[in-house]
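Engineer: Chains as they are written, first to last, in the UniProt record's numbering: chain A, 1 to 426; chain B, 1 to 426.
#1: Which residues of chain A have a Cβ atom closer than 8 Å to the Cβ of residue 416 (chain B), listed in chain order?
#2: How would you write the range of the beta strand (DSSP E) that residue 398 (chain B) sits in, first residue to last?
#3: Give the DSSP-derived three-state secondary structure of residue 169 (chain A) in the structure shown.
#4: If the cut-off is 7 Å on Cβ atoms, which residues from the stretch 247-262 of chain B count as contacting chain A, listed in chain order?
#5: Between residue 10 (chain A) and residue 16 (chain A), what straight-line distance do the alpha-carbon atoms span, to the nearest angstrom?
#6: Exposed or buried, which one is residue 178 (chain A) when buried takes at least 16 other CB atoms within 10 Å?
#7: Using a Cβ-Cβ distance under 8 Å, would residue 276 (chain A) count as near chain B?
#8: Answer with buried or exposed for residue 106 (chain B), where buried requires no fewer than 16 other C-beta atoms within 10 angstroms of its C-beta.
#9: Cβ of residue 166 (chain A) less than 8 Å from any chain B Cβ?
#10: On a CA-only basis, which of A:181, A:294 and A:353 is nearest residue 427 (chain A)? Give me that one, please.
#11: Is there contact between the stretch 170-190 of chain A and the stretch 66-75 of chain A, where contact requires at least three CB pairs shorter than 8 Å?
#12: Please classify residue 412 (chain B): is it buried, with 16 or more other beta-carbons within 10 angstroms of its beta-carbon, or exposed?
#13: For residue 296 (chain A), does the count of other Cβ atoms within 10 angstroms reach 16, so buried, or fall short, so exposed?
#14: By how many angstroms is the C-alpha of residue 221 (chain A) removed from the C-alpha of residue 219 (chain B)?
#15: Around the Cβ of residue 212 (chain B), are there at least 16 other Cβ atoms within 10 angstroms (buried) or fewer (exposed)?
#16: Does the beta carbon of residue 32 (chain A) come closer than 8 Å to any beta carbon on chain B?
#17: Interface residues of chain B around residue 146 (chain A) at Cβ under 7 Å?
#18: Do the stretch 44-58 of chain B and the stretch 188-201 of chain B touch if we need at least three Cβ pairs shorter than 8 Å?
#19: Check whether chain A comes within 8 Å of residue 242 (chain B), counting only Cβ atoms and requiring the distance to be less than that.
#20: Counting along the chain, where does the alpha helix (DSSP H) carrying residue 58 (chain A) start and finish?
#21: Using the C-alpha atoms, what's the distance from residue 270 (chain B) back to residue 320 (chain B)?
#22: Taking DSSP as the reference, what is the three-state secondary structure of residue 33 (chain B)?
#23: When you compare the stretch 326-343 of chain B with the stretch 199-216 of chain B, are there three or more beta-carbon pairs, one atom per stretch, that lie closer than 8 Å?
#24: Can you find a C-beta in chain A that's less than 8 Å from the C-beta of residue 97 (chain B)?
#25: Please compile the residues from chain B whose C-beta is within a distance smaller than 7 Å of the C-beta of residue 419 (chain A).
#26: Using beta carbons (cut-off 8 Å, strictly below), is residue 280 (chain B) in contact with chain A?
#27: Name the residues in the stretch 203-233 of chain A whose C-beta lies less than 8 Å from a C-beta of chain B; which are they?
#28: I'd like to know if residue 343 (chain A) contacts chain B, where contact means its C-beta is closer than 8 Å to some C-beta of that chain.
#29: Considering Cα atoms alone, identify which of B:298, B:65 and B:164 is closest to residue 139 (chain B).
#30: Is the beta carbon of residue 202 (chain A) closer than 8 Å to that of residue 127 (chain A)?
#31: With a cut-off of 8 Å, does the C-beta of residue 26 (chain A) fall near any C-beta of chain B?
#32: Does chain E have any CB closer than 8 Å to the CB of residue 288 (chain B)?
#33: Tell me where the alpha helix (DSSP H) around residue 134 (chain A) begins and ends.
#34: Does the beta carbon of residue 392 (chain B) come closer than 8 Å to any beta carbon on chain A?
#35: What residues are listed by DSSP as bridge partners for residue 321 (chain A)?
#36: In chain A, what lies closer than 9 Å to residue 245 (chain B) by C-beta?
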């Protein structure tokens, strides 16, 4: 497509989405759930055909010399498709949040006032590589009564087109508008610029991908963006604490998986427990090949640990999200220094305190300015499924609208509902 | 100040506000309430001095030829100051929303997950003329544990400076940071441009003023804006309805006061009740001097009413917020046309249906896409105090974050709180 055609195409998607969103907003829970179950069935029935479409993407990716992990993320295996189908069925089985009325109260004037949960309208999702995100986003959009416009990565365009077609088939067969889920049909990059600057059609943008992509979108968008840039998460080992528990949790927070944004990247240790705690965690990290970037005090203690890979931490290390077997370690005076350090260096994603002191726990919860704050638990729990949200559209490190893991409610809005019997204002 | 100095001044305010906000976030309810009561006392003790400062603004305004209503709005009479003082005391008497924990639930993993209400951080308020907004904004900011930067109208600069000084005195005497409430000290217009483009220091902007000001701020801001542009509110008289009640409510919605944004600007009438309802409401509007801009059908019926000022409604009339004794009137087929008309022409502020039909009421509530939807009540009720919010920082017609009348909760954010006993992720 030419640039002009791309702009017109995305504009048209916007107009159509806006129209479809009004119909989706009033669709009953039964009809939306029917569409989700139909989509699950279509994914299972079309597993072979989808793999053929996917093969085109894979062939092109290999010809273009994409790395093995990148090619892996593109693959629509029968297992990936079955997971997508099950996800749709799980959403269908969940109660509908749309139309729920919160806090209806009678006022002195006689009117009753509450708030009704309604869809936000139209969201745009911009994502890279993994084509299964098409189904995740589409199913969340259907369940939440929104319309959406999806823009996937160019490397997955054939898979995405095939999946979006099945979504639209499920919509139409269930009596819902075909434009409730639309895929941008071109790989032209100008489409993203257009999609994020149509406040008249799109209510919120959700980008998923690398930090560069998300930063660019946030800077240029003319509509709200639900995003998180990075997860520099901290685990603080307080004095007093249960050392055995602290070792277990600090180990899990770093090493259970290195790549997620909720893995701990920095370990703060109160000086009163450093001599006892650090050699124990250091031995585990050393055995797992985790490099430790240390302040002078922690380095002095950890140098006793045989096989430990120790480095001096630079100022930059305290800001770093490694997503790798590396952790920064600092001995602090106590709670005050830990909170100050975290509020200065953290990306405001997730932080945990490991402590036996109730007052310390309360202050940490109140004063640490992050989207998730934890006491005696692994930062790895910061996740929509672990929080019982049922589904996760992303994690937000912003304070406006949604903060932390964002579930279906993040795609909704509350409007005031007033019930009267002819009351007038005096 | 030169432009450079203004930019530096506002930057400095931002830095100081950010620092103060961390201290405000952890201040106890008792200390914040003490500051509010101290402020009330200072306003009463300094009524005479404040009137002298105010006199400078008034003299300048008259010399500059400001209109009488504009000069009136500038006045800090003893009554206005007493209202401000009482407002502070009422806020002090309200429970504190900061630190409340919502929905703490135990998950299968063993962790308990809930959400804690915390201040949003720093807000900027931009307002015109009325200096009492300085006290309103300052008191809401203190109560909600935020820091704020206030930018008042240049015509009220002397009054605003005097009021802000008292606020800072109350803060310091209560042990709170002096920079928790700061006033932009220059009338240079460049200050606004700087204030709305400092996402590193300011979390949200709240403009109050004319539509032009708010549109400009929304277009140029680099941070979220809580705003409403206009209130084209509708009252829909359904078939069947209680005609006597409908006449009473439609009268109140238009004529109780013409200037508020929640006054009805458009009246839709189902054709089945038009012949009975329109002459009755028309007689009242005619007696009160309300001009009626009509569709052909309503004009034909209303032409029977003696003394009625009738005009043909233009397409533009259906979009109009008159804020004056003018109302547009249209006869519609029924509920479907009423909902479609409202969703097309409304500014998504407040709409009411007057009906006896339960199904119609439910559909209106669900399908009308406005920040307040009402059954059998006057649109004039769309107001923070009438909704029991205790205080109102503004009304939002956006769907993101806050929608409808915005109380103190609109200046807060929810972070996730996780309590464990050493749980790790498997």
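Using N, Cα and C, we set each Cβ at its ideal position, and we do this for glycine too.
Structural biologist: With the given structure in hand:
#1: 371, 372, 373, 382, 387, 403, 404 and 405
#2: No beta strand (DSSP E) contains residue 398 (chain B), which DSSP labels as neither H nor E.
#3: helix
#4: 248, 249, 252 and 256
#5: 10 Å
#6: exposed
#7: no
#8: exposed
#9: no
#10: The requested residue 427 (chain A) does not occur in the structure, where chain A is confined to residues 1 to 426.
#11: no
#12: buried
#13: exposed
#14: 12 Å
#15: exposed
#16: no
#17: Going along chain B, no residue has its Cβ under 7 Å from residue 146 (chain A), so there is no contact; the nearest lies around 11 Å.
#18: no
#19: yes
#20: 47-63
#21: 21 Å
#22: helix
#23: no
#24: no
#25: 375
#26: no
#27: 203, 204 and 224
#28: yes
#29: B:164
#30: no
#31: yes
#32: Protein chains in the displayed structure are A and B, and chain E is not among them.
#33: 132-143
#34: no
#35: Partner(s): none; residue 321 (chain A) has no beta bridge.
#36: 421 and 422
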